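Read top to bottom, the protein sequences are chains A and B.
Start counting the first sequence at 16; every next residue gets the next number (the working numbering).
Start counting the second sequence at 1197; every next residue gets the next number (the working numbering).
Idealized CB from N, CA, C, for every residue including glycine.
Because the structure is a prediction, the values reported are computed rather than measured.
Written below as structure tokens is the structure these notes are about.
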Amino acid sequence: ELKVEQNPLFLSMQEGKNYTIYCNYSTTSDRLYWYRQDPGKSLESLFVLLSNGAVKQEGRLMASLDTKARLSTLHITAAVHDLSATYFCAVVVYIQGAQKLVFGQGTRLTINP
Amino acid sequence: DGGITQSPKYLFRKEGQNVTLSCEQNLNHDAMYWYRQDPGQGLRLIYYSQIVNDFQKGDIAEGYSVSREKKESFPLTVTSAQKNPTAFYLCASSIRGPLLNTGELFFGEGSRLTVL
Chain A
16 ELKVEQNPLF LSMQEGKNYT IYCNYSTTSD RLYWYRQDPG KSLESLFVLL
66 SNGAVKQEGR LMASLDTKAR LSTLHITAAV HDLSATYFCA VVVYIQGAQK
116 LVFGQGTRLT INP
Chain B
1197 DGGITQSPKY LFRKEGQNVT LSCEQNLNHD AMYWYRQDPG QGLRLIYYSQ
1247 IVNDFQKGDI AEGYSVSREK KESFPLTVTS AQKNPTAFYL CASSIRGPLL
1297 NTGELFFGEG SRLTVL
């Protein structure tokens, strides 16, 4: 059974600082997603990582994927308050030809002025 | 605009009642999914459907039922057999198959169910 673990689960940081969220998964997968969720809202897609060594950047967020280590990172550079949200990684598994996404527990990020 | 519409956004249910959550998409996606989210937790898969008239149980299907009579619709019924139904329910869809596009899931706005 695929397990997806995020670390840390809670993160409180000061504006302007850098930090990294880690996503480890237990079995082979060929794609990984990062989503953002604001309180009481749905999930917003941030990044889709499709291959080993993939790196994608959008503003102050950068995601990378190491399929050999089964690890993805979401790096936040010079954090601003607007980035406060819960961030989820999700990994694809295939069961009998069907695609399923397995989610991590989420990392609740709070950025303080 | 294309997207996924869930309704109702908020729903209150008395114990012992069945309720049905609606999910409609006009993205022409083949695959549709229902996830449950509890406070402070990740998403857990309830049911998914790859094509019309076919669906499979996810990780927490007990107490739930679905149908897929039309490509654009995937309603979820929360039955009285579900012991702890209070949660946030998210519907999603994707293009079917790993070889098409990125297989990315697109989510609706969610339905929040509270059992009184």
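Residue i, DSSP secondary structure in three states
| i | result |
| --- | --- |
| L1295 of chain B | Residue placement at L1295 of chain B is poorly supported in this model, since its pLDDT is 47, which falls under 50; the coordinates are not used for a value here. |
| L116 of chain A | strand |
| D1234 of chain B | coil |
| H90 of chain A | strand |
| D1250 of chain B | strand |
| D98 of chain A | For the record, residue 98 of chain A in the displayed sequence is Leu; it is not Asp. Note: L98 of chain A maps to helix in three-state DSSP. |
| P1271 of chain B | coil |
C-beta atoms of residue i and residue j nearer than 8 Å
| i | j | result |
| --- | --- | --- |
| N67 of chain A | T88 of chain A | no |
| L80 of chain A | A69 of chain A | yes |
| Q1252 of chain B | Y1244 of chain B | yes |
| L1241 of chain B | S1307 of chain B | no |
| I126 of chain A | N33 of chain A | no |
| R51 of chain A | Y102 of chain A | yes |
| V1262 of chain B | V1215 of chain B | no |
| E16 of chain A | V95 of chain A | no |
| Y1260 of chain B | Q1246 of chain B | no |
Opening and closing residue of the beta strand (DSSP E) in which residue i lies
| i | result |
| --- | --- |
| A78 of chain A | L76 to D81 |
| K71 of chain A | V70 to E73 |
| S27 of chain A | F25 to Q29 |
| N22 of chain A | V19 to N22 |
| E1220 of chain B | V1215 to Q1221 |
| E1211 of chain B | No beta strand (DSSP E) holds E1211 of chain B; DSSP gives it neither H nor E. |
Under 8 Å by beta carbon: chain B residues contacting residue i
| i | result |
| --- | --- |
| Y37 of chain A | Per Cβ cutoff of 8 Å: no residues; Y37 of chain A is ~15 Å from chain B at best. |
| Y48 of chain A | E1300 and L1301 |
Neighbour list for residue i in chain A, Cβ cutoff strictly below 7 Å
| i | result |
| --- | --- |
| Q1252 of chain B | A113 |
Chain B contact residues for residue i, given Cβ-Cβ distances below 7 Å
| i | result |
| --- | --- |
| S79 of chain A | Within 7 Å Cβ-Cβ: nothing; S79 of chain A doesn't reach chain B, min ~17 Å. |
Neighbouring residues, chain A, relative to residue i (Cβ below 8 Å)
| i | result |
| --- | --- |
| E1305 of chain B | K56 and S57 |
| L1217 of chain B | Under the 8 Å cutoff, chain A gives no residues; its nearest Cβ is about 14 Å from L1217 of chain B. |
| Q1237 of chain B | Q120 and G121 |
Closer than 9 Å at the beta carbon, the chain A residues around residue i
| i | result |
| --- | --- |
| Y1244 of chain B | A113, Q114 and K115 |
| G1199 of chain B | Simply none; closest approach about 11 Å. |
Proximal chain B residues relative to residue i, where beta-carbon distance stays under 9 Å
| i | result |
| --- | --- |
| S60 of chain A | E1300, L1301, F1302 and F1303 |
>> Pairs of beta-carbons, one from the segment 1200–1210 of chain B and one from the segment 1281–1291 of chain B, closer than 8 Å: are there three or more?
In response: They touch, by the three-pair rule.
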